[in-house]
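Residue numbers (the working numbering): -8 to 356.
The block underneath contains the structure these notes are about, expressed in structure tokens.
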């Protein structure tokens, strides 16, 4: 029996039955161990990820992944996957809007190089459906989960990413840090807030919905009056926050967790009194996939308990009910069914343009 322990998060792949909730791990880096058995395929912690034939074929392949997931988080996930499986990954990472342009351009030219695509924003992944990008693939057992398999497997919701706000701990003393979205409207934050361009992208769409539905009327107009800095991408904004160029910024718990842990950036996140919003990230296999077996192993791994727990160790929420809430900077986030955690339902996607227009009007975009 070929069995080894891999120094990363413990995960697995049984989804057909309801499992008991499990505890979270240490967020100071991804350091827990998983047992990997490759004697009869790929088995992680006693659960099958791939049969022998599929796994053997996948081992000779290099997966081409197109992703708009936060780069540091995606790199951490890929590192875990490669250590566990031995399968290498080539990553092409762009923000959602640029990723969509790249995918649709390559697809139109018959040259799509991606085996698997991970991105946010339902309108984007639906445009890929219209363009014939997807090859439906349902990870065994995921059909039992709520709003995970979408469009009969064209793509699936793989994780829910937190969108909240954070602050630079050097620029903002802990006792003066905002604790609510309402606090950000205080005049003392004039010119000291960073936000993202809010017209496109899953995080911005979800935040626009949250602001409209859960916060006070006219919130964006009031925030715009404080002249925040608007960044084109989340990466630019996070860098500015880490450098202290802005004191406070909208951001994700996972981004803060990885940046503060790996880069020792002086930043922290807030669980606001009103709560925060999560947005869907989607994963799908392409019809153009040249490395089909590696793509299937990657898909299965993502939805295994190992993969789902890795998302929570990074600071995002699992789509599985048997995985505990995320831990970021040593603090467990609220349960996903609490009144602190909101998710934009798919039924609200039809109003996406309306929400984005309200943001654009407030910030003269």
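From the three backbone atoms N, C-alpha and C, an ideal C-beta is built for every residue, glycine too.
How would you call residue i, buried or exposed, if buried means at least 16 neighbouring beta carbons within 10 angstroms?
{"i": "residue 336", "result": "exposed"}
{"i": "residue 96", "result": "exposed"}
{"i": "residue 271", "result": "buried"}
{"i": "residue 244", "result": "buried"}
{"i": "residue 341", "result": "exposed"}
{"i": "residue 12", "result": "Note that residue 12 scores a pLDDT of 29, beneath 50, so its modelled location is shaky and nothing firm can be said."}
{"i": "residue 87", "result": "buried"}
{"i": "residue 287", "result": "buried"}
{"i": "residue 304", "result": "buried"}
{"i": "residue 43", "result": "exposed"}
{"i": "residue 197", "result": "buried"}
{"i": "residue 133", "result": "buried"}
{"i": "residue 154", "result": "buried"}
Enumerate in chain order the residues of its own chain whose CB-to-CB distance from residue i is below 6 angstroms, with the five nearest sequence positions on each side excluded.
{"i": "residue 285", "result": "49, 52, 54 and 78"}
{"i": "residue 278", "result": "126"}
{"i": "residue 350", "result": "189, 199 and 211"}
{"i": "residue 246", "result": "61 and 229"}
{"i": "residue 109", "result": "58, 60 and 274"}
According to DSSP, is residue i helix, strand or coil?
{"i": "residue 211", "result": "helix"}
{"i": "residue 335", "result": "coil"}
{"i": "residue 20", "result": "The predicted position of residue 20 is uncertain, since its pLDDT is 46 and thus under 50; no value can be drawn from it."}
{"i": "residue 163", "result": "coil"}
{"i": "residue 342", "result": "helix"}
{"i": "residue 328", "result": "coil"}
{"i": "residue 234", "result": "helix"}
{"i": "residue 280", "result": "coil"}
{"i": "residue 270", "result": "strand"}
{"i": "residue 362", "result": "Outside the shown range of the chain, which is -8 to 356, sits residue 362, and nothing can be said about it."}
{"i": "residue 440", "result": "Since the displayed the chain opens at -8 and closes at 356, residue 440 lies outside it and no answer follows."}
{"i": "residue 200", "result": "helix"}
{"i": "residue 93", "result": "helix"}
For residue i, which residues of its own chain have a beta-carbon under 7 angstroms away from its beta-carbon, when the five flanking residues on both sides are left out?
{"i": "residue 91", "result": "115 and 118"}
Excluding the 5 residues preceding and the 5 following residue i in the sequence, name in chain order all residues of the same chain whose CB lies nearer than 8 angstroms to its CB.
{"i": "residue 282", "result": "49, 52, 53, 54, 55 and 106"}
{"i": "residue 249", "result": "61, 63, 64, 67, 305 and 306"}
{"i": "residue 73", "result": "79 and 80"}
{"i": "residue 170", "result": "261, 263 and 264"}
Practice task
Count the C-beta pairs between the region 228 to 240 and the region 201 to 213 that are closer than 8 angstroms, then say yes if the count reaches three, no if not.
Solution key: no
Exercise for the section: Tell me, please, whether the region 145 to 161 touches the region 263 to 279 by the rule of three or more beta-carbon pairs shorter than 8 angstroms. Expected result: yes
Problem - Cβ pair count under 8 angstroms reaching 3, the region 251 to 269 against the region 158 to 165 - result: yes
Practice task
Check whether the region 216 to 229 touches the region 181 to 189, counting contact only when three or more Cβ pairs, one atom from each stretch, lie closer than 8 angstroms.
Solution key: yes
Handout entry: In chain order, each beta strand (DSSP E) run of at least 3 residues that lies wholly inside the region 119 to 189
Key = Whole beta strand (DSSP E) segments, 3+ residues: 146 to 159 and 184 to 187.
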